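Basically my numbering = 1-based index in the sequence shown + 767.
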Amino acid sequence: MDNFFTDTPDFKFHLKDPIVQKIVKLKENDFKESEEFDFAPLNHDDAIDTYEKILEIVGDICSKIIAKNAESVDLEGPHIENNEVIYAKGTTADYKALHDAGLIGMSLPRKYGGLNFPLLPYVMAAEMVARADAGFANIWGLQDCAETIYEFGSEEQRKKYLPRFNRDGATAAMVLTEPDAGSDLQAVKLKAVFDEEKNTWILNGVKRFITNGDADISLVLARSEEGTLDARGLSMFIYDRNDHAVEVRHLEKKLGIKGSPTCELVFKDAPAELVGKERFGLIKYVMALMNSARLGVGAQSVGIADAAYREALKYAEDRAQFGKEIVNFPAVYEMLTNMKIRIDALRSLLYETTRFVDITKVYEEVKNIRSLEKEERMEMKHYARLANVFTPLIKLTASEACNRIAYDSLQIHGGTGFMKDFPIERIYRDARITSIYEGTSQLQAVAAIKGVTTGVFLEQIKKYDAEILDKNCEIRTKLHKMTEEYGTIVQRVIDMDSTELIDFHSTRLVEMAGNIIMGYLLVINSQRDESFTKSARLYVNLVRSENRERFDYMANFRLENLEMYKEVDTTVLEH
768 MDNFFTDTPD FKFHLKDPIV QKIVKLKEND FKESEEFDFA PLNHDDAIDT
818 YEKILEIVGD ICSKIIAKNA ESVDLEGPHI ENNEVIYAKG TTADYKALHD
868 AGLIGMSLPR KYGGLNFPLL PYVMAAEMVA RADAGFANIW GLQDCAETIY
918 EFGSEEQRKK YLPRFNRDGA TAAMVLTEPD AGSDLQAVKL KAVFDEEKNT
968 WILNGVKRFI TNGDADISLV LARSEEGTLD ARGLSMFIYD RNDHAVEVRH
1018 LEKKLGIKGS PTCELVFKDA PAELVGKERF GLIKYVMALM NSARLGVGAQ
1068 SVGIADAAYR EALKYAEDRA QFGKEIVNFP AVYEMLTNMK IRIDALRSLL
1118 YETTRFVDIT KVYEEVKNIR SLEKEERMEM KHYARLANVF TPLIKLTASE
1168 ACNRIAYDSL QIHGGTGFMK DFPIERIYRD ARITSIYEGT SQLQAVAAIK
1218 GVTTGVFLEQ IKKYDAEILD KNCEIRTKLH KMTEEYGTIV QRVIDMDSTE
1268 LIDFHSTRLV EMAGNIIMGY LLVINSQRDE SFTKSARLYV NLVRSENRER
1318 FDYMANFRLE NLEMYKEVDT TVLEH
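This is the structure in structure tokens:
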């Protein structure tokens, strides 16, 4: 089996994006840490070389260990033993391999045992891990919690908890949802009370659907303000499993990602430490954590889609019907090619979004060292605006496309794909969760619609258009027409002056913008690497028809239609 890094040239391509040089320079504080740490890079080329070497190690572990364990992990799954979640044997081996390679806490500063990587190489690693085993990607990816502690915790908390990730291979969990509070996190009821006698916060209550719930270090959202019912009464806390004050009451039996334990937890006078300030738990800290998680699901979705595509291609090249391999039938090679060009487009959007988030975060870190210049503050604000709308965009588009690609891959396998004889059966099941957790696709559309109504997407599209060197490019002409239709229909919907109507059309509007953006990104990529030319041409042709369908639907939609949709037929429940 090939190395998952070296068999995907796109990774090196995206590491060479022009803005990466600025990200790395800021992240490395002008490479001053090389004076303190032997393994810190001396310059930009040295940093990129380090990223590539580490990512090659990740790719090797993914292909030789994680991917090979994926089937057995799916069959065995975790279980509870003496109030402790016991991973499947393969999961334990996977985590040990990554820990032994020093790959837990990749993006943490070096003084806390991390590699001080920007998000870009970390997200690339996450994509590879998800391609190998989507369920395991959840466990490994929850090291995002360490980033939240670093960003919002006290220095005492950083020193106490962060070194445990790289040194001990500590696991983490986001403990947010409850039986009566799924996506509506402001309805959280788990109670946090400060015990004056013990000089600590005490947590009591139940949490449900907690991924990796029995982790070593958990970030818990709890209601610290008595008598409150909304987000302003919520704070974030660190719970350490070593305190043994949480009962793992139940493990969910799931359709997919079976190696990743999903727990119901009961907190019983559990001691905890407040992160940051009271009442900022949801409105600031969890939102930051969720944005990181959504970027992670974007990477997971691309990884799953890539795995599904490769399985379909391998099967189509081997399977013969009617005297020839099925890869030679138009119905099949159309599906395969569409899978490939969508993955190229999604990966371009994923790493563009990651770069936006990266430069925003590194400026935040620089602020702790020195004051930002006026130009830097403006640039940080600009990229933060882009990151805020591109993050739900990549989560929405990648998860939906991931499900579609997994569906098509299974279809190419035919009846054998429905059996457990091929990995696609597991991949298909694993894909389904991506458009549900960390905020459903519908919630992502509502978050990303701000990029439509405020003009952020359109402004960025115009910037991309200016970057195209060949002003007479045929693909550019098609993108112009798509952009014109997009602008027209956005204005029409806004002019109807109905917030409910905007929400109703939000997915269509956001997906139209996403298709145009990904089309432009592929054209821009093709200017640096001709291998993207085919994908750019075919992708724009494909999504142009998809956008036209959305345009026609919204152009002929009337407000009275919305009223008819609201009158849901419930008579079927009366019989």
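Backbone N, C-alpha and C define an ideal beta-carbon position, used for all residues, glycine too.
Remember, predicted model here, so these are calculated numbers, not experimental data.
Three-state secondary structure assigned by DSSP to residue i
i: R1016; result: strand
i: D797; result: coil
i: N966; result: coil
i: T1337; result: coil
i: L1246; result: helix
i: D1262; result: helix
i: P1028; result: coil
i: F1189; result: coil
i: P1159; result: helix
i: V960; result: strand
i: E746; result: The chain is shown from 768 up to 1342; residue 746 falls before or after that span and cannot be answered.
i: A1233; result: helix
i: V840; result: helix
i: D784; result: coil
i: A868; result: coil
i: H1011; result: coil
i: E993; result: coil
i: G1406; result: The question about residue 1406 has no answer here: the residues shown for the chain are numbered 768 through 1342.
Contact under 9 Å by Cβ, residue i with residue j
i: T1274; j: A1322; result: no
i: V1277; j: L1153; result: no
i: L1018; j: L988; result: no
i: I1108; j: S1293; result: no
i: L1246; j: Y1287; result: yes
i: L1049; j: L996; result: no
i: Y1082; j: F1189; result: yes
i: E851; j: V973; result: no
i: E843; j: K856; result: yes
i: D911; j: I833; result: no
i: F1034; j: Y1052; result: no
i: R1122; j: D784; result: yes
i: D1197; j: I1110; result: no
i: E819; j: L875; result: no
i: S1027; j: G902; result: yes
i: R1061; j: T1158; result: yes
i: L1344; j: I1200; result: Residue 1344 cannot be examined here, being either before or after the span of the chain that is shown, 768 to 1342.
i: L887; j: V825; result: no
Residue environment, residue i, which counts as buried when at least 16 other CB atoms sit within 10 Å
i: M1285; result: buried
i: L822; result: buried
i: S1298; result: exposed
i: P946; result: exposed
i: D1319; result: exposed
i: A1039; result: buried
i: D816; result: exposed
i: Q1258; result: exposed
i: F919; result: buried
i: S1202; result: buried
i: N1308; result: exposed
i: Q1088; result: exposed
i: F1369; result: Only positions 768 to 1342 of the chain appear in this structure, which leaves residue 1369 out of reach.
i: D861; result: buried
i: R1077; result: buried
i: F806; result: exposed
i: V1335; result: exposed
Given residue i as reference, the closest of the options once Cα atoms are compared
i: I1136; options: K779, N1328, D797, V787; result: D797
i: R1114; options: E894, T978, V1335; result: E894
i: A939; options: G1026, D951, N971, I906; result: I906
i: A1075; options: D1085, E1045, M1106; result: M1106
i: L1117; options: N1095, Q1067, E1131; result: Q1067
i: E1031; options: V1053, L1062, V1339, M941; result: M941
i: A982; options: T1266, L970, D1010; result: D1010
i: N1239; options: V1290, M1331, I1269; result: V1290
i: V955; options: L970, E963, G1026, F961; result: L970
i: G880; options: P930, L909, L870, S921; result: P930
i: T775; options: F1096, F1324, D1197, M891; result: M891
i: Y1204; options: S1176, A1168, L1163; result: L1163
i: R1315; options: S1265, V791, K1248, G869; result: K1248
Cβ of residue i within 9 Å of any chain B Cβ
i: F798; result: Chain labels in this structure do not include chain B; a single protein chain is all it has.
Query raised in the report: Which runs of the alpha helix (DSSP H) spanning at least 4 residues fall entirely within the region 873-942, listed in chain order?
Result: 886-899, 901-908, 911-919, 922-928, 930-935
Query - Ranges of the alpha helix (DSSP H) found wholly within the region 1253-1312, counting only runs of at least 4 - result: 1266-1295
Query raised in the report: Which ranges would you report for the alpha helix (DSSP H) in the region 1106-1176 if only whole runs of at least 4 residues count?
Result: none
Report task. Let me know the alpha helix (DSSP H) ranges lying completely inside the region 1019-1094, each 4 residues or longer, listed in chain order. Result -> 1054-1085
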